[in-house]
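Following: one structure in structure tokens, then a few remarks.
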Amino acid sequence: MKKTIALTHPKLQPARLVDSIKHDIKKYLNRERRKTLPQGMDYWTFDCRFGASEDVAEEIYTSEINKHIDAAVAQELPEFYVEILARACNHAPRSSTKAAADEA
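Numbering that gives the first Met the number 0 numbers the first residue of the sequence shown as 0 and each following residue consecutively.
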């Protein structure tokens with residue numbers, strides 16, 4: 000999902016618009032997580048970018064998206080850019096020394 004989202008709407012209150020945006024992003028993340036994983040992969044991870052425009056977007060964690068949306072509203076930005084790309088990954092294998100320490 001690569002999208003520039005407007006924070007102004009002629010009929011909707013700003014708070015309701017922000018709730019709608021957050022809900023759409025949450026729906027997208029859940030839809031991507033439900034997709035079938037490629038052979039040999041363990042989980043879906045997301046590469047996210049956020050900014051006032053595509054040119055100035057910075058990498059963020061998925062858990063920080065709502066905080067950045069709230070910050071954009073507080074700064075009274077007319078729009079913002081969000082990019083969320085799903086990527087299949089494998090968990091890193093545990094080292095034998097760490098596994099032994101965890102069992103003790």
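By construction, the Cβ of each residue, glycine as well, lies at the ideal position given by its N, Cα and C atoms.
Please read all numbers here as calculations on a predicted model, not as lab measurements.
Inset, instruction - Using beta-carbon positions only, say whether A5 and E78 come within less than 7 angstroms of one another. - result: In the sequence shown, counting from the first residue as 1, residue 5 sits at position 6. In the sequence shown, counting from the first residue as 1, residue 78 sits at position 79. Yes; because the gap between Cβ atoms is below 7 angstroms, this pair is in contact.
Inset, instruction - Write down every uninterrupted run of the beta strand (DSSP E) in the region 12-89 whose length is 3 residues or greater and which is fully enclosed by it, in chain order. - result: The DSSP assignment places complete beta strand (DSSP E) segments of no fewer than 3 residues inside the region 12-89 at 42-50, 57-59 and 78-88, in order along the chain.
Inset, instruction - Express the C-alpha separation of E53 and T3 in angstroms, rounding to a whole number. - result: Position 4 of the sequence shown, counted from the first residue, corresponds to residue 3. Position 54 of the sequence shown, counted from the first residue, corresponds to residue 53. Cα to Cα, the separation comes out at about 8 angstroms.
Inset, instruction - Could you tell me the boundaries of the beta strand (DSSP E) in which A5 lies? - result: Reading the sequence shown from its first residue, position 6 is the one you call residue 5. From DSSP, the beta strand (DSSP E) with A5 extends over K1 to A5.
Inset, instruction - Return the chain-ordered list of same chain residues with a C-beta closer than 6 angstroms to the C-beta of M0, the five sequence neighbours on each side being excluded. - result: Here residue 0 is taken as the residue at index 1 of the sequence shown, counted from 1. Contacts found: Y27 and I83.
Inset, instruction - Spatial neighbours of R32 within its chain, please: CB distance less than 6 angstroms, with the 5 preceding and 5 following residues excluded, ordered by chain position. - result: Here residue 32 corresponds to residue number 33 of the sequence shown, with the count starting at 1. Within the same chain, R32 has close Cβ partners W43.
Inset, instruction - Report yes if the C-beta distance between H22 and L16 is below 7 angstroms; otherwise report no. - result: For the purposes of this step, residue 22 is identified with residue 23 of the sequence shown, where counting begins at 1. For the purposes of this step, residue 16 is identified with residue 17 of the sequence shown, where counting begins at 1. In this structure, L16 does not lie closer than 7 angstroms to H22 by Cβ.
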